[in-house]
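See below for the structure under consideration.
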Amino acid sequence: LVEDVAICMGKALNEALGEKRGIIRMGDATVSMDDALVTVAVDINGRGYPVLEDLPFSENDMFGFPTDLIRHFLESFAIEARLNLHAKILYGVNDHHKAEALFKALGRALDTATRIDERISGELPSTKEFLEH
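Counting from 1, one number per residue, gives the positions in the sequence shown under our numbering.
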């Protein structure tokens, strides 16, 4: 179910962005949540590629949710959204705080990357003149 949701969300984002004309394309965010600090960077370049370097969770289960599914969700989402996704938990003790900061950072990075850049309105944010979709 988690993978299915990630696939649907990724495809929906990619479809909603269409040709990606005028978007900023890249975004990043560092988010703190009490003891946790997480950083995420995205590049909506048309090539799904997740780089999830350091996502340590101390427990295998978080309130009935297997923590290994967090990585799997992010991988599936990045591939289907056709974006480059870098995510790293810099530090933290509480798994809930690490997970919450991770998804908030992803949301903020996507918010930045999907905004319209008035300076390139209608243009593709690429020197290649195309972004795969």
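Glycine residues also receive a C-beta, built at the ideal position from the N, C-alpha and C atoms.
When Glu59, Ala41, Ala16, Ile7 are compared, the shortest CA-CA separation from His97 is found for Glu59.
DSSP places Ile89 in the uninterrupted beta strand (DSSP E) bounded by 84-91. Closest by C-alpha distance to Gly18, out of Asp68, Asn45, Phe57, is Asn45. Each of Lys20, Gly92, Leu83, Leu1 was checked against the Cα of Val31, and the nearest Cα belongs to Gly92.
Using a Cβ distance threshold of 9 Å, Asn14 and Pro50 do not count as a contacting pair.
Rounded to whole angstroms, Ala29 and Phe57 show a C-alpha spacing of 20 Å.
Where Leu74 is concerned, there is no enclosing beta strand (DSSP E), although the alpha helix (DSSP H) around it starts and stops at 68-81. With a threshold of 16 other beta carbon atoms within 10 Å, Ser121 falls short and is exposed.
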